[in-house]
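Residue numbers for the sequence shown follow the numbering used here, beginning at 260 and rising by one.
Even for Gly, the Cβ is constructed at its ideal location relative to N, Cα and C.
As structure tokens, the structure follows; a few thoughts come after it.
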Amino acid sequence: MRKILVFTDIHFVEHGQRIGHLDPEERLLAGLRHALGEVPDAERIVICGDLAHHGRAAQYERLRAALADCPLPVHLMIGNHDRRAAFCAAFPDAPVTSTGHVQQVIDTGDFRLILLDTLDEQAEVEHSGRLCADRLSWLRAALDSSGDRRVIVFTHHPPMDVGFDAMDRIGLTNKTELLALLGAYPNVCQIISGHVHRTISGGAGGIPTALFKSSCHQSPIMRPEMDEHTSIDEPGAFGLLYLMDTGVVVHSEDFDIPGRRVLFYD
Ligand SMILES: [Fe+2]
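Take a look at the structure:
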């Protein structure tokens, strides 16, 4: 059984800045300590975008330093808070497509992980996402060459509405197009997304889909008067994927819960 750790929406800021009272770097490092301690046999980490809160060079440099000692391969995606040029400058080794998008394929055992770039830097609705024709064409080729592998697709913006109007207004604008493409490949078995800062599971086009909490700040149940910036300081979390012969099993693990204790009972 292969184990993949998934972090998302880590929202790095410059030294001395915070999001509310939270330091995103402290939160990520606490999550990594917990994850690496509890899952020492994880094979890799995927971070599903919103790496930097403002997409600024100093924020990416801080992230680069924070990950320097991580003992596992870390695969970085970008989200609506990121800026592609600044990210690529800070992480020149990160795979990009021939059209300059931050997308990659990772084959592990009989699984293929496909990491997509849903950032739309010209979005009419700020923070919404889109997969342009170039990115969809690249995805089609990655699916065509997947052979007998089972495919897990990673996106920052989830390809489904989540029922919170404020978040659905800044969703993936061409999710229908993406799902039509994925639906033509029955070996696509799981979608993993971020963006909403909340543990959510459901289906998109009939494909099981899971979203994880941020390592930093979270979304509450959103009332109509709330906007997408409304956040709550619940514990951070990360995802843990078990890639099993029988399918993909998705766990979400909170970390740094005050007073957390292991209980024994009979
Ligand atoms: Fe985010």
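Whole-angstrom distance between ARG519 and PHE346, CA atom to CA atom: When rounded, the separation of the alpha-carbon atoms in PHE346 and ARG519 is 36 angstroms.
Cβ shell of ARG428 (< 7 angstroms), same chain only, five flanking positions each side left out: VAL384
Other residues of its chain near GLN449: CB distance less than 6 angstroms, five sequence neighbours each side excluded: ILE411, PRO467 and VAL507
Coarse secondary structure for LEU499, derived from DSSP in three states: The answer is strand: DSSP assigns LEU499 an E or B state.
Comparing the CB of HIS488 with every heavy atom of ligand 1, is any distance shorter than 7 angstroms? no
At what residues does the alpha helix (DSSP H) containing GLY462 begin and finish? Run containing GLY462: none in the alpha helix (DSSP H); it sits in the beta strand (DSSP E), 459-463.
Environment of TYR524 [buried if 16+ CB atoms lie within 10 Å]: exposed
Note the first and the last residue of the continuous beta strand (DSSP E) segment covering THR435. Secondary structure note for THR435: it is in no beta strand (DSSP E), and the uninterrupted alpha helix (DSSP H) holding it is 434-441.
Nearest-angstrom beta carbon gap, ALA327 and PHE497 [assumed within contact, 8 angstroms]: Cβ-Cβ separation between PHE497 and ALA327: approximately 19 angstroms, too far for a contact (criterion under 8 angstroms).
C-alpha gap between PHE271 and LEU437, whole angstroms: Answer to the nearest angstrom: the Cα atoms are 29 angstroms apart.
Which residue marks the beginning of the beta strand (DSSP E) containing ALA469, and which one marks its end? Here the beta strand (DSSP E) through ALA469 covers 466-470.
Between HIS386 and GLY406, what straight-line distance do the alpha-carbon atoms span, to the nearest angstrom? 34 angstroms
Grab me the residues of GLY461's own chain with a C-beta within less than 6 angstroms of its C-beta, minus the 5 sequence neighbours each way, in chain order. THR468
So does the segment 420-434 actually touch the segment 396-404, counting three or more Cβ pairs closer than 8 angstroms? With a cut-off of 8 angstroms, the segment 396-404 and the segment 420-434 do not count as touching, because too few Cβ pairs lie within range.
Residues near GLU484 by beta carbon distance below 7 angstroms, same chain, minus five either side: If we look at GLU484 and ignore the five residues flanking it on each side, it has no Cβ neighbours.
Extent of the continuous alpha helix (DSSP H) run through HIS293: 283-297
Report back the beta-carbon spacing between GLU500 and LYS262 to the nearest angstrom; my notes put them in contact at under 8 angstroms. It is Leu, not Glu, that sits at residue 500 in the sequence shown. LEU500 to LYS262, Cβ: 7 angstroms. Contact.
Host beta strand (DSSP E) of SER511 (start-end): 506-513
Quick one: what does DSSP say ARG482 is sitting in, helix, strand or coil? coil
Looking at TYR492: is its Cβ nearer than 8 angstroms to the Cβ of ALA289? According to the sequence provided, residue 492 is Asp. The question's Tyr does not apply to it. Not in contact: ASP492 and ALA289 (Cβ atoms no closer than 8 angstroms).
Comparing the CB of SER473 with every heavy atom of ligand 1, is any distance shorter than 7 angstroms? yes
Under 8 angstroms between the Cβ atoms of LEU378 and ARG321? The Cβ-Cβ distance between LEU378 and ARG321 does not fall below 8 angstroms.
Quick one: what does DSSP say ARG520 is sitting in, helix, strand or coil? Residue state, collapsed to three classes: coil.
Are the C-beta atoms of ASP309 and some chain C residue less than 8 angstroms apart? The chain inventory of the structure shown lacks chain C, comprising one protein chain alone.
Use the C-beta contact count for CYS475: other C-beta atoms within 10 angstroms, 16 or more gives buried, fewer gives exposed. So CYS475 counts as buried.
Between the alpha carbons of SER478 and SER490, how many angstroms are there, rounded? 5 angstroms
Rounded to whole angstroms, what is the Cα-Cα separation between PHE266 and HIS334? 10 angstroms
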